[in-house]
Each structure stands twice: as structure tokens, then as C-alpha cells.
Amino acid sequence: MMRLPRFAYLPASTTAEAAQLLAEHPGAQLVGGGTDLFPKMKRRQLEPKVLIGLHGVSELCGIRVNGGVTIGAGTRLHELACAPEIVRRYPALARAASLVASPQIRNAGTVGGNLCVDTRCNYYDLSYDRRCAHGFCMKAGGDVCRLAPGGDRCWAVSSTDLAPVAHMLGASVRLVSARGERTLPIAELYTMDDGIEYLQKQPDEVLTALTLPPVDGGFRATYVKFRRRGAIDFPLVGVAAAVRTDADGICTEARLVLGAVATAPLPVPQAAELLVGVALTEEAITAAAETAMSATKPMDALDLPLAYRRRMVMIHVARALRELVPGPAPG
Ligand SMILES: Cc1cc2nc3c(=O)[nH]c(=O)nc-3n(C[C@H](O)[C@H](O)[C@H](O)COP(=O)(O)OP(=O)(O)OC[C@H]3O[C@@H](n4cnc5c(N)ncnc54)[C@H](O)[C@@H]3O)c2cc1C
Numbered sequence: 016m017m018r019l020p021r022f023a024y025l026p027a028s029t030t031a032e033a034a035q036l037l038a039e040h041p042g043a044q045l046v047g048g049g050t051d052l053f054p055k056m057k058r059r060q061l062e063p064k065v066l067i068g069l070h071g072v073s074e075l076c077g078i079r080v081n082g083g084v085t086i087g088a089g090t091r092l093h094e095l096a097c098a099p100e101i102v103r104r105y106p107a108l109a110r111a112a113s114l115v116a117s118p119q120i121r122n123a124g125t126v127g128g129n130l131c132v133d134t135r136c137n138y139y140d141l142s143y144d145r146r147c148a149h150g151f152c153m154k155a156g157g158d159v160c161r162l163a164p165g166g167d168r169c170w171a172v173s174s175t176d177l178a179p180v181a182h183m184l185g186a187s188v189r190l191v192s193a194r195g196e197r198t199l200p201i202a203e204l205y206t207m208d209d210g211i212e213y214l215q216k217q218p219d220e221v222l223t224a225l226t227l228p229p230v231d232g233g234f235r236a237t238y239v240k241f242r243r244r245g246a247i248d249f250p251l252v253g254v255a256a257a258v259r260t261d262a263d264g265i266c267t268e269a270r271l272v273l274g275a276v277a278t279a280p281l282p283v284p285q286a287a288e289l290l291v292g293v294a295l296t297e298e299a300i301t302a303a304a305e306t307a308m309s310a311t312k313p314m315d316a317l318d319l320p321l322a323y324r325r326r327m328v329m330i331h332v333a334r335a336l337r338e339l340v341p342g343p344a345p346g
């Protein structure tokens, strides 16, 4: 049985208190549902001496409609997946939330924890004993990347399901610290090409909310996820896609953001642009899907062979876009 290392638990009851505790305890980590943090602590990937609990911060919970929608960081994924205002207005986000892990994890895991979830890698995620045997990597305790020992960077992969959708929707996050607060577009929350410092959030900042801009009726979006076991696994490819089409079925706007292929959600505008000005025919979809695959250069950091995962990018981009083809006019 894997045991948690010793730590002090400091429960916060307000956001200001959580921010103050973070300022007073450098190296402390916030805990939402703990569904990612606790297993990582058990594997000794992370060993914070102090955890600051957000469980009792009621102001972080709930979904507010305000033109767009503001989702508190403490909102549970199950609640997000089922909230009528999300299902109706942002079905791609509701679907992404419904596809995270398993029902138990969605009941405990929070929106803030999901957006900040650690990057993943086959080596980094080995048990402590196996990492002792194989050697530690630069993300935890070592000084080389075990995937690319000649390089000087960490290739661990962004594995959040919500972030690609939030990025595609043009969302932003609110960050609060004892120094003040700021709003950051979600596109700027993640660091490309650094699996260790994968967040632009400062260590003393609490992510308090995710804000989605309003969407109109002409905008259709979806999220498609590829993983080994549909019942529980992290994404091996996530595709957030959206289009706007005119009355003739011609696409006037397209957005594509991939998850689980890089250290941050990866927008692929070069693929999306191929759809603009044309109908969503099978030919246009194939061209966009092939271009999206060409834009990805994943490393062997996750489950399943690399070439297969890359091909899955093309197949799942095409699947996502087919879902967005306008249906026949009523009547
Ligand atoms: C078996 C298994 C399968 C999983 N499958 C998936 C999957 O398919 N898709 C997926 O996206 N995730 C998956 N996860 C990861 C995780 O369960 C979810 O991402 C979950 O939403 C994390 O939320 P949490 O509240 O439990 O985060 P926690 O574990 O509490 O925290 C995760 C990280 O976020 C930080 N954090 C938490 N809240 C805040 C905040 N408000 N502000 C700033 N930092 C914060 C913590 O300090 C920590 O670094 C899986 C985990 C397991 C164990």
C-alpha cells in the first residue's frame, strides 16, 4: 500500500485566507479534490510539506450566468457536466467534464484542479520504487529527461480535458494572491515546451474562477477524446473544435485546439483556416485533419505507440468536425 508522506493540512475558509496562507508558506500546495495531488504525493512525485485545503471555501463554488458564464474553481466536475446552463450553452465543455476519469473522480475533482492538473509522462508517473531503479527524471529528483536525455527540457504532456475546450471558447481565469488579483486568458495560462513549469500562474496565486464569453446560436462546438479505457483514463488525444456556418452551410469561422499532444493545449489555426470559406465536406475535413496531425510532434511520453497516437490526432479531428456538419434544413 502506498502511504501519503507527512504534511500539515491548513483548511482555508475564504479565498483571501487561502491566498494569505500560500504567501506565508512558500512551497505549499492548494488542494481541491486531491484526485491528482494525493496519488502524486503517494508516488513521491510531489512532497509538499503544507497543503492548503479549498474544500471549505464556499465562494469558489457554483456557476453564475452573466452574459457569459463564470464557473467557480471549486465547482465539481460532475456538477459542471450536468449544469443545465453549461449543457445548453457550452455543450463541448459539459462533454469534456463528463469524460474526465470516472464518476468517483468527477464527484471529487474540481474545475480549478483540472485546469492546474500536473503534466504527465511515462517515466515521471512510474512508482517511486521503479523510478529508484530506472533513475529519476528532471521533473522529479533527477537532472535529465528520460525520454530525450540529450535535450534540456521536460516533455511531460498537458492532460487536462477542460483546458483545450476553455482555450477554444476564448475563456479566461481569475488569479488571486495576497499581492492582488489579475485575469489571464486561458491561452496564456500554460507554458509551451516546459513540462515542469507548465503554468504561468505564480505559486502564490489561487485560481478562483473560469469565465466563458457569451456564445450565439450560430456557433457550434464539440469535444472528442481518445483514451485507452473509456471508463477512466486520461486523454491520449483531446480535440476541441468549433465552427460557425452561414445559411448556405459555408464555414465563416473555425477553431481547433488539441489536448494531450504537447506540454500545453495546442491551437492549430493552420488546420482551422482550411475550413473557412468552404462547406464542411469530407474533403475539407480530411485536409484539416491531416494538417492538424502534421502540426503535432508528440514524444513517447504517454501510453500507446507514438505513430499510432499521431494518427489518432487525424482520426479524432475528423470525427470532431463531422459532428459539426450542419444537418439538413428542417421541413
Ligand atoms: C485514475 C485517474 C484518472 C484521471 N483521468 C483524468 C482525465 O481523464 N482527464 C483529466 O483532465 N484529469 C484526469 N485525472 C486527473 C484529476 O483527477 C482531474 O484532473 C481533476 O479534475 C483534478 O481536480 P482536483 O480538484 O482533484 O485537483 P487536485 O488534485 O486537488 O489538484 C491538482 C493540482 O491543481 C492545483 N490546484 C487545485 N485547485 C487549485 C486552485 N483553485 N488554484 C490553483 N491551483 C489549484 C493543486 O495544487 C494541484 O497542483 C485523473 C486522475 C486519476 C487518479
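Numbering (my numbering), first residue to last: 16 to 346. From the three backbone atoms N, C-alpha and C, an ideal C-beta is built for every residue, glycine too. All of these numbers come straight from a predicted model, not from anything done at the bench.
Check: Rounded C-alpha distance that separates residue 300 from residue 78; Outcome: 35 angstroms
Check: Residue burial classification, residue 64 (beta-carbon count within 10 angstroms, cutoff 16); Outcome: exposed
Check: Inter-stretch contact at 8 angstroms, needing at least 3 Cβ pairs: the region 53-73 / the region 35-43; Outcome: yes
Check: Ranges of the beta strand (DSSP E) found wholly within the region 221-293, counting only runs of at least 3; Outcome: 221-227, 234-241, 252-260 and 266-274
Check: Boundaries (first-last residue) of the beta strand (DSSP E) holding residue 196; Outcome: 195-200
Check: Minimum C-alpha distance to residue 96 - residue among 162, 114 and 284; Outcome: 114
Check: Own chain, CB closer than 7 angstroms to residue 90, minus 5 neighbours either side, in chain order; Outcome: 76, 77, 78, 125 and 126
Check: Contacting residues, own chain, Cβ-Cβ under 8 angstroms from residue 130 (five flanking each side not counted); Outcome: 88, 175, 177, 178, 181, 188, 201, 204, 222 and 225
Check: Coarse secondary structure for residue 97, derived from DSSP in three states; Outcome: helix
Check: Beta-carbon proximity check, residue 348 vs residue 84, cutoff 7 angstroms; Outcome: Summary: the structure shown does not reach residue 348, with the chain confined to residues 16 through 346, and so no result is reported for it.
Check: Spatial neighbours of residue 34 in its chain, beta-carbon cut-off 8 angstroms, leaving aside the 5 residues before and after; Outcome: 191, 192, 193, 219, 220 and 221
Check: For residue 108 and residue 82, the rounded distance between their alpha carbons; Outcome: 17 angstroms
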